[in-house]
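**Q** Chains as they are written, first to last, in UniProt numbering: chain A, 1 to 279; chain B, 1 to 121.
Can you keep this structure in mind? I'll have questions shortly.
Structural data, given as C-alpha cells:
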C-alpha cells in the first residue's frame, strides 16, 4: 500500500506522461502492474519503483506509465465498428475518392488486433485500397503489433476460423499475420497528448476504449485535435462507452450509427485551420 | 430452447463444455464417440454440435462426413473442439463441412466467441 504522497506523485507522473487518470479506484492496478515491473528491475516491489521515480529515474517513470496503461484488445472487438466500416465508411469513401487509396489511423492500437482486423476487411473487399497507420504510446506493445505474432488463445477471440486460415501462417504454437497484411500497416509509437499534425489528413480514425481513461479536459482537447486531422467527409470511431457529446462542438454523432462521428461543419467554419495544413 | 450436442470421449471435457453451452442458453446432450452422436442425431437433430476429433469407435471427422450426407445433416452448426491445432487439420475439417474450429485448451470466452461467429448466439 502506497502512502498518499507517493500515490499522488505516481498519479501526477502518469497523467503528465500518458494522460491516464489513476483514480483511487485504480489502486489494484498498482500492485498488478508495478509488481512485475519491480521484479524485472530487481526492485523490492511497487513502492520501490515509486521511490526510484521520485528520485528522478526518467526511464522508470516512462516504464511505469506504460505498465499502467491497459492493452486489452482482440480481433474484431465489439463487431459493430467493423460492420460500419464495411457497410458505411468504406463504400462512402470509395465513391468520394474515386477509387484512390484512403488513409486510416488506429490511435491507441495496442497489440495490433484492430488495425489487422481492418486490413483483413480491406483485403476481402474487391477494388479497395487503403493505408493504415497504427500508433500506441507503448513501444513494447507496438513491437508485438508489428511482429503480428499471436498466441493460440489470442487468435480464438473474435476471429472466424476462415479468417485465421486465409490471413495467418502457423508458426510453432503461434500464428503470424501474413506479410501482405503486415505491409498495409505502418506502426509507430505515438502519444495522444502529442501533436497529431505529422500524421496528415486522415479519412478514418479509430480511437476506441482509450478516452475513458482520461479526464474531461483531456478528452475534449484530444477530440478537437482528432477532428482537426479528419478529412471534411471523414469518420471518427469511438468505443461503445465513449461520446463527443458535451465535450466538443467540432464533432457530431451520426444518427442511428453507434460509435460513429463526423465533423460538425457548421462549428468548424469559424475554427482555426492551422492544423489542417500538413496533409 | 436451442439444443447442443457435446461429443467428446472425456467425461471431464463433456462436463466443462456442458456448463459453458448451458450458460450460453442451450439445452445440452452428450455423446462419447461419433457413433453414439450419429445415433442421437438420427433421433433428434440438434442446432449445434461441439465435436472432438480423436475418439474411439468413430472419430470426429468421420462423424462429420457421415452427418453432412444425412437427411437434415447440413442443418446443425458444427464446431470442432480439439487438440489437433495445425493448419492441415483445420482445413480438412472445413472441407468436411465444419462451421467453426476451437483449438484446445478452451474456455467460455472462446466457445462464446466461436458460437457468435457461427451465428448461434
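Using N, Cα and C, we set each Cβ at its ideal position, and we do this for glycine too.
Since the structure is predicted, the reported quantities are computational estimates derived from the model, not experimental observations.
Contact criterion: CB-CB distance below 7 Å. Does residue 22 of chain B meet it with respect to chain A?
**A** Within the second chain, residue 22 of chain B is the residue found at index 22, counting from 1. No - not a single Cβ of chain A is within 7 Å of the one on residue 22 of chain B.
**Q** Measuring CA to CA, which of A:108, A:27, A:3 and A:200 is closest to residue 281 of chain A?
**A** The structure shown does not extend to residue 281 of chain A, since chain A spans only 1 to 279, so no value can be given for it.
**Q** CA-CA distance, residue 50 of chain A and residue 6 of chain A?
**A** Position 50 of the first chain, counted from the start, is the residue given in the question as residue 50 of chain A. Position 6 of the first chain, counted from the start, is the residue given in the question as residue 6 of chain A. Roughly 7 Å separates the two Cα atoms.
**Q** With 7 Å set as the bound, which would you pick, yes or no: does the beta-carbon of residue 111 of chain B sit closer than that to a beta-carbon of chain A?
**A** Counted from its first residue, the second chain places residue 111 of chain B at position 111. Chain A contact via Cβ: absent.
**Q** When the Cβ atoms of the stretch 133 to 146 of chain A are set against those of the stretch 77 to 94 of chain B, are three or more pairs found closer than 8 Å?
**A** With a cut-off of 8 Å, the stretch 77 to 94 of chain B and the stretch 133 to 146 of chain A do not count as touching, because too few Cβ pairs lie within range.
**Q** Report yes if the CB atom of residue 27 of chain B is closer than 7 Å to the CB atom of residue 7 of chain B, and no otherwise.
**A** Within the second chain, numbered from 1, the residue matching residue 27 of chain B stands at position 27. Within the second chain, numbered from 1, the residue matching residue 7 of chain B stands at position 7. For residue 27 of chain B and residue 7 of chain B, no; Cβs fall outside 7 Å.
**Q** If you reduce the DSSP assignment to three classes, tell me which class residue 276 of chain A lands in.
**A** As a position in the first chain, residue 276 of chain A is number 276, starting the count at 1. Reliability of the predicted coordinates at residue 276 of chain A is poor, the pLDDT of 43 falling under 50, and no value is obtained from them.
**Q** Along chain B, which residues have their Cβ under 8 Å away from the Cβ of residue 170 of chain A?
**A** What you label residue 170 of chain A is simply residue 170 of the first chain in a count that begins at 1. Simply 86 and 87.
**Q** Taking only the alpha-carbon atoms, compute the straight-line gap between residue 48 of chain B and residue 82 of chain A and give it to the nearest angstrom.
**A** Counted from its first residue, the second chain places residue 48 of chain B at position 48. Counted from its first residue, the first chain places residue 82 of chain A at position 82. One C-alpha to the other measures close to 26 Å.
**Q** Could you name the residues of chain B that residue 258 of chain A contacts, counting a contact when the two beta carbons are closer than 7 Å?
**A** For the purposes of this step, residue 258 of chain A is taken as the residue at position 258 of the first chain. Those within 7 Å of residue 258 of chain A in chain B number zero; the least Cβ separation is about 18 Å.
**Q** Have a look at residue 102 of chain B and residue 81 of chain B and give me their C-alpha separation to the nearest angstrom.
**A** Here residue 102 of chain B corresponds to residue number 102 of the second chain, with the count starting at 1. Here residue 81 of chain B corresponds to residue number 81 of the second chain, with the count starting at 1. Each residue's alpha carbon lies about 5 Å from the other.
**Q** Quick one: which chain B residues come within Cβ less than 7 Å of residue 113 of chain A?
**A** Counted from its first residue, the first chain places residue 113 of chain A at position 113. None at all; the shortest Cβ gap to chain B is about 13 Å.
**Q** Measure from the C-beta of residue 77 of chain A to each C-beta in chain B and report whether the shortest distance is under 7 Å.
**A** Counting from 1 along the first chain, the entry for residue 77 of chain A is found at position 77. So, not an interface residue.
**Q** For a test of the three-state rule: what should DSSP assign to residue 126 of chain A, helix, strand or coil?
**A** Along the first chain, one-based indexing puts residue 126 of chain A at 126. DSSP places residue 126 of chain A in coil when its eight states are reduced to three.
**Q** Is there contact here, the stretch 212 to 225 of chain A with the stretch 112 to 124 of chain A, by at least three beta-carbon pairs under 8 Å?
**A** Short answer: they don't touch.
**Q** Which one or two residues does DSSP pair with residue 169 of chain A in a beta bridge?
**A** In the first chain, counting from the first residue as 1, residue 169 of chain A sits at position 169. Residue 169 of chain A pairs with A:176.
**Q** Any idea which residues DSSP pairs residue 105 of chain A with across the strands?
**A** Within the first chain, numbered from 1, the residue matching residue 105 of chain A stands at position 105. According to DSSP, residue 105 of chain A bridges with A:133 and A:205.
**Q** Taking only runs of the beta strand (DSSP E) that begin and end inside the stretch 30 to 88 of chain A, which ones reach a length of at least 3 residues, in chain order?
**A** List check, beta strand (DSSP E) in window: nothing returned.
**Q** For the stretch 249 to 265 of chain A against the stretch 69 to 84 of chain A, do three or more pairs of beta-carbon atoms, one drawn from each stretch, fall closer than 8 Å, so that the two count as touching?
**A** The answer is yes - the stretch 69 to 84 of chain A touches the stretch 249 to 265 of chain A, with three or more Cβ pairs under 8 Å.
**Q** By the 8 Å beta-carbon criterion, what residues does the stretch 63 to 97 of chain B contribute toward chain A?
**A** Taking 8 Å as the Cβ-Cβ cut-off against chain A, the residues of the stretch 63 to 97 of chain B that qualify are 85, 86, 87, 90, 91 and 94.
**Q** Just to confirm, are residue 167 of chain A and residue 110 of chain A a CB contact at a threshold of 7 Å?
**A** Translated into positions along the first chain, residue 167 of chain A becomes position 167. Translated into positions along the first chain, residue 110 of chain A becomes position 110. The answer is no: Cβ separation not under 7 Å.
**Q** Looking at the unbroken alpha helix (DSSP H) that takes in residue 41 of chain B, where does it start and where does it end?
**A** Here the question's residue 41 of chain B lines up with position 41 in the second chain. Looking at the DSSP string, the run of the alpha helix (DSSP H) that includes residue 41 of chain B is 34 to 43.
**Q** Please confirm whether residue 103 of chain B has its beta-carbon closer than 7 Å to some beta-carbon of chain A.
**A** Taking the second chain and counting its residues from 1, one reaches residue 103 of chain B at position 103. Residue 103 of chain B counts as touching chain A.
**Q** Expressed to the nearest angstrom, what Euclidean distance is found between the alpha-carbon atoms of residue 264 of chain A and residue 230 of chain A?
**A** Counting from 1 along the first chain, the entry for residue 264 of chain A is found at position 264. Counting from 1 along the first chain, the entry for residue 230 of chain A is found at position 230. Each residue's alpha carbon lies about 11 Å from the other.
**Q** Which term fits residue 233 of chain A, buried or exposed, when burial requires 16 or more other beta carbons within 10 angstroms of its beta carbon?
**A** For the purposes of this step, residue 233 of chain A is taken as residue 233 along the first chain, with counting starting at 1. The residue in question, residue 233 of chain A, is exposed, as its Cβ has fewer than 16 Cβ neighbours within 10 Å.
**Q** So residue 41 of chain B packs on residue 21 of chain B, CB below 8 Å; how close in whole Å?
**A** By 1-based counting over the second chain, the position of residue 41 of chain B is 41. By 1-based counting over the second chain, the position of residue 21 of chain B is 21. Actually they do not touch by this definition, with Cβ atoms about 16 Å apart.
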